[in-house]
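To convert a position in the sequence shown, counted from 1, into our numbering, add 13.
Where a beta carbon is used, it is the ideal one built from N, C-alpha and C, also for glycine.
Take a look at the structure below.
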Amino acid sequence: MPEIKIFILSDSVGETAHSVAQAAAAQFSDFQINYQRFPFVRTESLLRTVLVQADKEQAAIFHTFVDRKLSQMATEFCQTHNLPYFDVITPALDTFSGITHTQPANHPGTVHALNDNYFDRINAIEFAVTYDDGKNPTGFLEADVVLLGVSRTSKTPLSLYLANRNLKVANLPLVPKAQIPDEIWQVDPKKIFGLTNDPEKLNNIRRQRMVQYGLNPDTMYSNTDKIKEELASADKVFKKIGCLVINVANKSIEETATLITESLGYNEANN
14 MPEIKIFILS DSVGETAHSV AQAAAAQFSD FQINYQRFPF VRTESLLRTV
64 LVQADKEQAA IFHTFVDRKL SQMATEFCQT HNLPYFDVIT PALDTFSGIT
114 HTQPANHPGT VHALNDNYFD RINAIEFAVT YDDGKNPTGF LEADVVLLGV
164 SRTSKTPLSL YLANRNLKVA NLPLVPKAQI PDEIWQVDPK KIFGLTNDPE
214 KLNNIRRQRM VQYGLNPDTM YSNTDKIKEE LASADKVFKK IGCLVINVAN
264 KSIEETATLI TESLGYNEAN N
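Written out as structure tokens, the structure is:
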């Protein structure tokens, strides 16, 4: 598989450039993409060192420098040495300058500042880990969102994704004939979301999971009839609670999260 080297350069953490590069690279699955991140590049000497290294390795460059001198230096170097590059942030800064008729503050890392919003997000992530898989039922009473679903319906990754949007999430795996914690019945049904899936897809997911663990994929855990029983049992719980049910069969984590936040009327910008 052909290899492509990508250098991520930034005067902050480089998360934005990395995300953009990954989003674009996802459309080229026949290539092996290797990323190397160089965060907090805030001096010309350090930038020059990294650029020379990129030239030696013939790496493509994605950069986000709010410092115009560093941005221009990176761009000119790439043009001179025929290195592929993409300036992620400058066009956006120019657009906002045109709208506001002002110049940007040129403060690297502003979006990652350690403000109240940042610490709220960290607390939400810790909450999701603490109350994952119904470890402590008291978490259901404190949560902004409660996720219910049978095994392998993306409860944990969805919990962490929502936590990154500052929502405190607790989740509970549903097992037929297992008692539902009393706390669940005390939660506003509007905060509860039932996650379901198509039996065939769930069968495939569970079989793959067993193979990853080096175990026999043909067990009751992956048996289609057993899965149908689990889903039917879960559906009865959802109906009894009166919560919104989301079939995650053909949805990404992002799509499911959007359905949840829209149902809650949650506006991240105001939280």
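Is the separation between the beta-carbon of residue i and that of residue j shorter than 7 Å?
| i | j | result |
| --- | --- | --- |
| Y144 | A87 | no |
| V158 | L175 | yes |
| S164 | P186 | yes |
| S246 | P194 | no |
| P202 | T237 | no |
| T77 | T29 | yes |
Can you name, in chain order, every residue of its own chain whose Cβ lies under 8 Å from the Cβ of residue i, other than the five neighbours on each side?
| i | result |
| --- | --- |
| M14 | D43, F44 and Q45 |
| I19 | A34, A38, I46, N47, Y48, Q49, A72, A73, I74 and F75 |
| A204 | Before going further, note that residue 204 is Lys rather than Ala in the sequence given. Excluding positions up to five away in sequence, the list reads A156, D157, V158, V159 and L277. |
| A270 | L171, Y174, L175 and R178 |
| F140 | G152, E155, A156, A176, K181, V182 and A183 |
| D146 | K168, T169, N184, L185 and P186 |
Give every residue of the same chain whose Cβ lies closer than 7 Å to the Cβ of residue i, excluding the five residues on either side of it in the sequence, and list them in chain order.
| i | result |
| --- | --- |
| D133 | N179 |
| L215 | R165 and I240 |
| E70 | K18 |
Can you name, in chain order, every residue of its own chain whose Cβ lies under 6 Å from the Cβ of residue i, other than the five neighbours on each side?
| i | result |
| --- | --- |
| P230 | R220, M223 and V224 |
| P170 | I266 |
| G152 | Y144 and A183 |
| I273 | F206 |
| Y98 | I74 and C91 |
| P150 | P194 and E196 |
| F251 | G207 and V258 |
| R55 | D24 |
| L161 | L185, L187 and G207 |
| F51 | L22 and V63 |
Taking buried to mean at least 16 other C-beta atoms within 10 Å of its own C-beta, is residue i buried or exposed?
| i | result |
| --- | --- |
| I102 | buried |
| D24 | buried |
| H94 | exposed |
| G9 | In the structure displayed, the chain extends from 14 to 284; residue 9 sits before or after that span and is not available. |
| K148 | exposed |
| A37 | exposed |
| G27 | buried |
| K181 | buried |
| Y226 | exposed |
| V142 | exposed |
| I254 | buried |
| L228 | exposed |
| A137 | buried |
| V65 | exposed |
| S235 | buried |
Just checking my contact of residue i with residue j at CB under 8 Å: how many whole Å lie between their CB atoms?
| i | j | result |
| --- | --- | --- |
| L154 | E196 | 5 Å |
| K239 | M233 | 5 Å |
| V63 | L96 | Actually they do not touch by this definition, with Cβ atoms about 12 Å apart. |
| I17 | S167 | 30 Å between Cβ atoms; not a contact. |
| S84 | D100 | 6 Å |
| L59 | V79 | With 8 Å as the limit, L59 and V79 do not qualify as a contact, their Cβ atoms being about 16 Å apart. |
Is there a Cβ from chain B that is less than 7 Å from the Cβ of residue i?
| i | result |
| --- | --- |
| A37 | Absent here is chain B; the protein component of the structure consists of one chain. |
### Message
For the pair the stretch 88-96 and the stretch 104-119, tell me if three or more CB-CB distances fall below 8 Å.
### Response
no
### Message
Does the stretch 208-220 come into contact with the stretch 255-269, if we say contact requires no fewer than three beta-carbon pairs (one atom in each stretch) closer than 8 Å?
### Response
yes
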